[in-house]
Amino acid sequence: MANCAVAASLDVVGTRSAILILREAIFGTRRFEDFVRRVGIGEPAAAARLKELTAAGLLERVPYQEPGQRTRYEYQLTDKGMDFQPVVHALLEWGSKWETGETGPALRATHRDCGATVGVRIRCEAGHDVDPEDVAIEPGPGLITIP
Numbered sequence: 001m002a003n004c005a006v007a008a009s010l011d012v013v014g015t016r017s018a019i020l021i022l023r024e025a026i027f028g029t030r031r032f033e034d035f036v037r038r039v040g041i042g043e044p045a046a047a048a049r050l051k052e053l054t055a056a057g058l059l060e061r062v063p064y065q066e067p068g069q070r071t072r073y074e075y076q077l078t079d080k081g082m083d084f085q086p087v088v089h090a091l092l093e094w095g096s097k098w099e100t101g102e103t104g105p106a107l108r109a110t111h112r113d114c115g116a117t118v119g120v121r122i123r124c125e126a127g128h129d130v131d132p133e134d135v136a137i138e139p140g141p142g143l144i145t146i147p
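Residue numbers (full-length UniProt numbering): 1 to 147.
Set out below in structure tokens:
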């Protein structure tokens, strides 16, 4: 299907390292060496992913300078990058349920105010929670059919 939003999204964030870099950015990581360490990838791979995510508009490079040091750059989420947060939380929720084994997940997302676990839900624009079986997939305005 041409113009598929899922396929287009995967073109931008479809690698393991890209999603893990976005996870770390959402959790507060800003500096190159911290991405390398926390994601567990080499510097060339981290540089490539950060460049791609910056070019795609999910991150922006912001200069900073420690006293007596040269100017360096850190990476901050843009609005587009912040909009990826529910995807990371959905992966965290799904992985916690299905892929962490008997020991349980290494991380839990909780509500700062009450401490309850945070979950991702499907909700319509009118604000109603929607069960997956009640979601209808319909043609959108950008549908392009391929003969």
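Using N, Cα and C, we set each Cβ at its ideal position, and we do this for glycine too.
| Query | Result |
| --- | --- |
| Looking at E52 and V39, is the spacing between their C-beta atoms short of 8 Å? | no |
| My parser needs the beta strand (DSSP E) runs of 3 or more residues fully inside the stretch 13-44; what are they? | none |
| Can you tell me whether DSSP reads E125 as helix, strand or coil? | coil |
| Do F32 and I21 have their C-beta atoms closer together than 8 Å? | no |
| How many angstroms separate the CA atom of G14 from the CA atom of C4? | 14 Å |
| At which residues does the beta strand (DSSP E) containing G77 begin and terminate? | The sequence shown places Leu at residue 77, rather than the Gly named in the question. Taken as a continuous stretch (DSSP letters only), the beta strand (DSSP E) holding L77 covers R72 to L77. |
| Relative to the C-alpha of G81, which residue among V6, L58 and A45 is closest? | L58 |
| Taking Cβ to Cβ, would you say A116 is nearer than 8 Å to H89? | no |
| For the putative contact between A45 and V12, defined by C-beta atoms under 8 Å, what is the C-beta separation to the nearest angstrom? | At roughly 16 Å, the Cβ-Cβ gap does not stay under 8 Å, so A45 and V12 are not in contact. |
| What three-state label does DSSP hand E60 in the structure shown? | strand |
| What's the C-alpha gap between G42 and V130? | 41 Å |
| Between which two residues does the alpha helix (DSSP H) containing P105 stretch? | Element bounds for P105: n/a, residue is neither H nor E. |
| Counting only the same chain and skipping the five closest in sequence on each side, list residues whose C-beta sits under 8 Å from that of A2. | I144, T145 and I146 |
| If you measure between the beta carbons of E60 and Q76, is that distance less than 8 Å? | yes |
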